[in-house]
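Trainee:
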Amino acid sequence: MALDYTQSADLMKDGVFIGRVKVGCITFARYIMDEAPSVPAHSTRIKWAQATIISPEGAAQQITPTVVMDSTVQEAGTDVTDEALQGAVEAAVNKLI
């Protein structure tokens with residue numbers, strides 16, 4: 100069952116959940132830093148990755164609402180697996196950049 104609006108809003112403010120999103124952001128940023136310059140939109144992606152390494156809290160705050168609205172997160176809530184959360188983080192970042 101999907102989260103209702105109140106549960107979704109609460110998850111967007113949950114410190115532990117935001118911390119997990121932050122780890123997902125850092126993980127994806129490190130991946131982007133290692134990708135080939137020939138990857139489409141690499142210059143935009145590398146700028147996001149560099150900004151994320153400098154301020155992971157800012158990156159997490161920016162994408163947490165989109166991550167919370169991901170269908171996988173909506174179904175699992177705080178019980179979302181790390182693997183599924185990583186997928187939601189990467190999808191949210193790709194929408195952003």
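Start counting the sequence shown at 100; every next residue gets the next number (our numbering). The beta carbon of each residue, even a glycine, is placed where N, CA and C say it ideally should be.
(1) So, are the CB atoms of Ala-237 and Ile-131 less than 8 Å apart?
(2) Sort Val-115, Gly-123, Asp-113 by Cα distance to Leu-184 and report the nearest one.
(3) Would you tell me roughly how many angstroms separate the C-alpha atoms of Glu-174 and Thr-165, rounded to the nearest one?
(4) Grab the span of the alpha helix (DSSP H) containing Leu-184 for me, first residue to last.
Mentor: Looking at the atomic coordinates:
(1) An answer regarding residue 237 cannot be provided, because it is not within the stretch 100 to 196 covered by the chain.
(2) When each option's Cα is compared against that of Leu-184, the closest is Gly-123.
(3) Rounded to the nearest angstrom, the two C-alpha atoms are 14 Å apart.
(4) Where Leu-184 is concerned, the enclosing alpha helix (DSSP H) stretches over 181-195.
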